[in-house]
Structures are given as C-alpha cells and as structure tokens.
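A.B. asks: Heads up: the sequence shown runs through residues -2 to 219, numbered per the working numbering.
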Amino acid sequence: MKKITIRNEQPADYRRVEEITRKAFWNLYAPGASEHYLVHTMRSHGDYIPELSFVIEREGEIVGSIHFTHAWVVTPAGDEVPIVHLGPVSITPELHRQGFGRKLITHAIASAKALGHRAIVLGGFTYHYHPYGFTGTKKWSITMPDGKFYTGIMMLPLFDGALDNVTGIIKLSGALYPDESGVEAFDASFPPMEKRVLPHQKEFERAAAEVDKDDLEGITYG
Ligand SMILES: CC(C)(COP(=O)(O)OP(=O)(O)OC[C@H]1O[C@@H](n2cnc3c(N)ncnc32)[C@H](O)[C@@H]1OP(=O)(O)O)[C@@H](O)C(=O)NCCC(=O)NCCS
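Quick look at the structure:
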C-alpha cells in the first residue's frame, strides 16, 4: 500500500505543482494550457487562500494540487456574501482515475467547512463534481454575471441553511483572470510540449456554454 499524504502547499512545492498542473491541463480544453500560469500568478493575489491550497503526495512525491480563491454572491441589495472558489485542481495524468482527486477534493471540502466558509463555487464538468454534492446554482436563483444559469457552474453549501435566502450574482476574483500576455513566456520556461487541436476540446466548449434551462428564468440586477 503506497503512503498518501495531503498537506498545505509550501513555496518549495511551487514548481512541481506548476509542472503537474501544466501536464494535467495540456491540450485538454484548448491547444496547450494556461492553468499552470494561473496557479503561478494567483498565489500572490490578495484573494488567494493559502490555508486551502493543498498538495497530495504518494510516497513523498507530489502528484496533484488544489487551490482556492475568495468569491462572492452579490445580492439584489448589493451585499456581498463571501464564499470560496475551487480551482484549479489537478492530478498528474498517469495517475488519473485512481482516487487521488477524490481524496484531495474531499480533504479540501472538509477543510473549507472547518474554516467556516459558507459555500464553494466552481466551474467544470458535472461528472467531476456531482459526486461530492455540487449542483447547478438555479435552485438558489444564483446566476453568473450574464444572468444565466449554467450546468457547469456548480455550488456546494458547507453547512445547513448556508444558502437559504442567498440569491444573486456570482462574483469571482480577478485572481482567476490573469493577464494572458504572460502565458507564453512563462510556458517557455518548461520543457516543450506540442499544442494540438483535439476532438474532446469541442466537448468542453459545449459543456461550458450549456445553459441550465429548466423552469426558472435567468435573473439580472441593475
Ligand atoms: C479532475 C481530476 C482532478 C480528477 O482526479 P482523479 O484522481 O482522476 O479522479 P478520481 O479517480 O479521484 O475520481 C473521483 C470520481 O470523479 C469522477 N470522475 C473523475 N474523472 C472522471 C472522468 N474522466 N469521467 C467521468 N467521471 C470522472 C468519478 O465519479 C470518479 O469516481 P470513480 O472513479 O469511482 O467512478 C483529474 O482527472 C485531473 O487532473 N484532470 C485534468 C485537470 C482537470 O480537468 N481539472 C478539473 C478542472 S475543472
């Protein structure tokens, strides 16, 4: 049985974490990847939550990481209800589907809960996050800034009633939108990898744009 450890990320881990993030996301959603640059830049942003950044190790070797930033639901009255955003999360590709992601995500959810956070928001494939109880945000009438509900934008309340009477618009941190002009130079500091157009990238485009259309209309606030 291999020894698995989950611990907070330390500065000495940064490069290894970025290497794994790059490999895990490479050509996944688009040719190449920028998530390693995102992880690199977000750490120094004021909205980054270091106590919720974790690495998972197998026999002392880092094999994945998870990162969180502050986020908010802006209510119709203009109040900002604090929540947290999960992502990026990645596991080194050769170990996918062996339970490492589940261990890391479960640990991070429990930690966010223990730290008293209200809810977690994230964007991704439903099959990755429904197993943890994440659902679309329509049931709380919480929309994206364009007033729409997306099936790929999911939330998880962290205590009973956490989202009762919380309704409004999701506001994500600017930490998630770094200046993309830095990606290429940063990427060039890693070993070369081929950027490719692959069929599954279309699947991501489709999933990311899928609007949750059931019975409620999207809401917008002036
Ligand atoms: C997403 C990711 C972190 C999951 O880690 P993992 O170690 O491969 O996942 P696990 O083995 O712990 O899987 C946990 C559960 O998630 C679901 N799941 C994970 N990958 C899945 C896939 N490709 N298809 C369908 N369900 C999947 C399953 O329910 C799985 O449980 P099961 O294997 O018992 O059926 C990993 O695949 C990864 O790094 N992917 C590339 C980067 C990425 O997409 N990150 C998420 C961005 S939103």
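For glycine and all other residues, C-beta sits at the position ideal for the given N, C-alpha and C. Given the structure is predicted, the values throughout are model-derived calculations rather than measurements.
#1: Please state if the CB of Lys210 and the CB of Asn24 are separated by a distance shorter than 8 Å.
#2: Mapping DSSP to helix, strand and coil, what is Gly171?
#3: Assuming Thr66 contacts Tyr34 under a Cβ cut-off of 8 Å, what Cβ separation, rounded to an integer in Å, is found between them?
#4: Unbroken beta strand (DSSP E) runs of length 3 or more, entirely within the segment 97 to 153: which are they?
#5: For Gly120, which residues of its own chain have a beta-carbon under 6 Å away from its beta-carbon, when the five flanking residues on both sides are left out?
#6: In the DSSP assignment, what are the bridge partners of Trp23?
#7: Leu213 by DSSP, collapsed to three states: which one?
#8: Grab the span of the alpha helix (DSSP H) containing Arg203 for me, first residue to last.
#9: Which word fits Tyr147, buried or exposed, when buried means at least 16 other C-beta atoms lie within 10 angstroms of its C-beta?
#10: State yes or no: is the C-beta of Phe22 nearer than 7 Å to some heavy atom of ligand 1?
#11: Taking Ile117 and Leu153 to be in contact with their CB atoms under 8 Å, please state how far apart those CB atoms are, rounded to whole angstroms.
#12: Pull up the distance between the alpha-carbon of Pro189 and that of Ser31, whole angstroms please.
#13: Please report how far the alpha carbon of Phe187 lies from the alpha carbon of Thr140, in whole angstroms.
#14: Just verifying my parser: in three-state terms, what is the DSSP assignment at Ala9?
#15: Closer than 7 Å: is that where the CB of Val86 sits relative to any heavy atom of ligand 1?
#16: For a test of your reading of the model: does the CB of Leu25 fall under 7 Å from any non-hydrogen atom of ligand 1? Yes or no.
#17: Any idea what DSSP makes of Phe183, helix, strand or coil?
C.D. replies: Result, derived from the coordinates:
#1: no
#2: helix
#3: For Thr66 against Tyr34, the beta-carbon gap comes to about 15 Å, at or over 8 Å, which does not count as contact.
#4: 116 to 120
#5: Counting only Cβ-Cβ distances below 6 Å, and skipping sequence neighbours, we find Gly149 and Ile150.
#6: Per DSSP, none; premise fails for Trp23.
#7: Since pLDDT at Leu213 reaches only 44, below the 50 mark, its modelled position is unreliable, and the value read off the structure follows with that caveat. Here Leu213 sits in coil by DSSP.
#8: In the DSSP annotation of this structure, the continuous segment of the alpha helix (DSSP H) that includes Arg203 starts and ends at Pro196 to Ala206.
#9: buried
#10: yes
#11: 5 Å
#12: Rounded to whole angstroms, the separation of the alpha carbons of Ser31 and Pro189 is 14 Å.
#13: 37 Å
#14: helix
#15: yes
#16: Distances between the C-beta of Leu25 and the heavy atoms of ligand 1 include at least one below 7 Å.
#17: Helix at Phe183.
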